[in-house]
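The structure under discussion appears below in the form of structure tokens.
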Amino acid sequence: MIVADANVILRGIRSRDGASGFVLREMLLGSIPFAMSPAVVLEYEDVLKRPGLAGLYTSAVEIDVILDALCAMATLIQPWFRFRPFLDDPKDDLIVECALAAGANLIVTDDRHFDIRQFRYSA
54 MIVADANVIL
64 RGIRSRDGAS
74 GFVLREMLLG
84 SIPFAMSPAV
94 VLEYEDVLKR
104 PGLAGLYTSA
114 VEIDVILDAL
124 CAMATLIQPW
134 FRFRPFLDDP
144 KDDLIVECAL
154 AAGANLIVTD
164 DRHFDIRQFR
174 YSA
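Mapping of the sequence shown onto the working numbering: position 65 corresponds to residue 118, and the numbering continues sequentially without gaps.
This is the structure we're talking about:
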């Protein structure tokens, strides 16, 4: 089980040939199990619909189709707790929270500011 950061989805739309394109394609095909929370879905929508980003590569209608398909394929998680490690980007906290709630094995990102080493989590 993975949780993908919004930048992976954005890059997957921009370039279907790169690593992010592979991850997005496999997520949509059901080959890679993944989790999303309502906060993660809203973050995806916010990033993908920003002027000048994905809109250069696809229309708002196509973005909605991709988001709907992701929601249909995902394990939808409703975190029952708030976990805020206060990473450099507060939106990254939502990804970590979803990953913990889902019991994910991996967080997939290429965000240079997403440094999981900024905090120590111990059980």
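Glycine is no exception: its CB is placed at the ideal position from the N, C-alpha and C atoms.
These figures come from a predicted structure and were not determined experimentally.
Residue from the options with nearest C-alpha to residue i
i: Ser90; options: Asp146, Arg64 and Thr162; result: Asp146
i: Leu120; options: Asp164, Ala72, Asp70 and Arg78; result: Arg78
i: Trp133; options: Ile160, Leu159 and Ala154; result: Ala154
i: Ile130; options: Asp117, Asp164, Gly83 and Ala92; result: Ala92
i: Tyr97; options: Pro86, Val118 and Leu82; result: Val118
i: Ser84; options: Ala157, Gly156, Leu95 and Ala127; result: Ala127
i: Glu115; options: Ile66, Asn158 and Ala152; result: Ile66
i: Cys151; options: Phe75, Pro104, Arg165 and Leu95; result: Leu95
Cβ neighbour criterion (16 or more within 10 Å) applied to residue i
i: Arg64; result: buried
i: Ser73; result: buried
i: Ala113; result: exposed
i: Cys124; result: exposed
i: Asp99; result: exposed
i: Ala122; result: exposed
i: Arg69; result: exposed
Backbone secondary structure at residue i - three-state DSSP
i: Ile62; result: helix
i: Ile160; result: strand
i: Phe75; result: helix
i: Pro55; result: Looking at the sequence provided, one finds Ile at residue 55 rather than Pro. Strand.
Unbroken beta strand (DSSP E) run spanning residue i, endpoints
i: Ala127; result: Note, Ala127: premise wrong, no beta strand (DSSP E); not H, not E.
Where the alpha helix (DSSP H) containing residue i begins and where it ends
i: Asp70; result: Run containing Asp70: none; DSSP gives neither H nor E here.
i: Pro91; result: Pro91 to Leu101
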